[in-house]
Structure formats: structure tokens, C-alpha cells
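In our numbering, the protein residues as written are 12 to 210.
We put the beta carbon where it would ideally sit given N, CA and C, even for glycine.
The structure appears below as C-alpha cells.
Written as C-alpha cells, this is what we have:
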């Protein structure tokens, strides 16, 4: 898929494009993430961009989008006030605002992450500590894909993964949910070419 193919297919009012990835970004890649966010915001006018507001890839993508049109940037956070000083979005939705018990699909897909399955039950029962906060991050990652309440589902995902050890952590969980829901996504093996196309 070329950048132009992507824009032609997804630049519409109903598109929600998730821009996310690993916290550890290679120094040589940081500018590419920023440029992709900027390029997408510049060359499109209707799609909404979504982020999880994490350090690293999420931040670089978001800064690129915000430089052009921060009003199309939406952030889903694991709790109110999460990294508030670095949040570039126009619209922020916290997990605290979502009725998780009325979104069983979100809970189901979150519990597919075996490392946090038991923590999710504890979190849903109201337990809030340094262990159960891990569940909040995984649930946030699931909502970024599936949506919940008034949050639209994602229509496409653009990821920055660790190509030496791919599909791990929260980024890996999010990509797995994309695959389970048959929602298309790409990682930098494809979108680095989009940045080069536009030079």
C-alpha cells in the first residue's frame, strides 16, 4: 500500500487511525515518526488520529500531527491526568470515563493478554495499586482498537514496533487485537516508505 492508496481509502469522516508504538525508539527513527504524523495531518483533512499518550513512539507521532492539526488528535489514557503535560490532543478520554462492565468485548479481548488476565479481574473489582495499574494500560490498549461507549472503533493502525523482538508488550497486545478483529495495520517496514515517498 502506498501513502496515496492509504489516503484515498481512509481520508473520510468515519476513519480513526491509531498511531502508536514502542517506548524505546531508535535515535535514527525519531524524526521519521514525527514526519509521518505531520505528513498524514498535512495530506488529509477528515480522518481522526488516535494515540495512547505513551512516551516514545506515541509522543513522536502525536507531535507531528499536532504541529499541523491538533484538533484531529484524540488520546485514550489509562487514568485521568496521565502524562498531562505532554498531551498534545484536542480530545482526551480517560478509562475513568468508560463503563467497562457495559463493554464486555473490551474485557474479553483484554483478558486474552495472559500476563494481565488476573489483574484485570482485580482492577474491575475496584482494586487500585501498582500491580493492577498494568491492567488499566492493557484495557486502554484494547479500547484504542475496539472503541467503547461513545468512542469509535479504529479503522486502521500504524505501528512502530521493535523489529528485533516484534509483537511484545502493550504494542504487541494492540496489534493482536487488530488481527483478531480483522482491522488492517502496518508497521515501519511499510510506512517508512511513505515518508521516503514524500521527500
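- In summary, residue 115 is exposed, with fewer than 16 beta-carbon neighbours lying within 10 Å of its beta-carbon over all protein chains present.
- The straight-line gap separating the alpha-carbon atoms of residue 91 and residue 137 is approximately 16 angstroms.
- In its chain, beyond the 5 residues on either side, 148, 149, 152 have a beta carbon closer than 7 angstroms to the beta carbon of residue 181.
- With a cutoff of 8 angstroms on beta-carbon distance, residue 53 and residue 72 are scored as not near each other.
- In terms of CA proximity to residue 168, 29 leads the group 12, 15, 24, 29.
- With a minimum length of 3 residues, the unbroken runs of beta strand (DSSP E) contained wholly in the stretch 50-130 fall at 59-62, 84-88, 102-105.
- Residue state for residue 142 is assigned as coil, using DSSP reduced to three classes.
- In this structure residue 12 is in contact with residue 197, their Cβ atoms being roughly 7 angstroms apart against a cut-off of 8 angstroms.
- Sorting 55, 82, 31, 76 by C-alpha distance to the C-alpha of residue 62 places 31 at the top.
- Taking residue 27 as the centre and dropping the five residues before and after it, the same chain places the C-beta of 59, 61, 163, 165, 166 closer than 6 angstroms to its C-beta, in chain order.
- Taking a C-beta distance under 8 angstroms as the contact criterion, residue 86 and residue 64 qualify as a contact pair.
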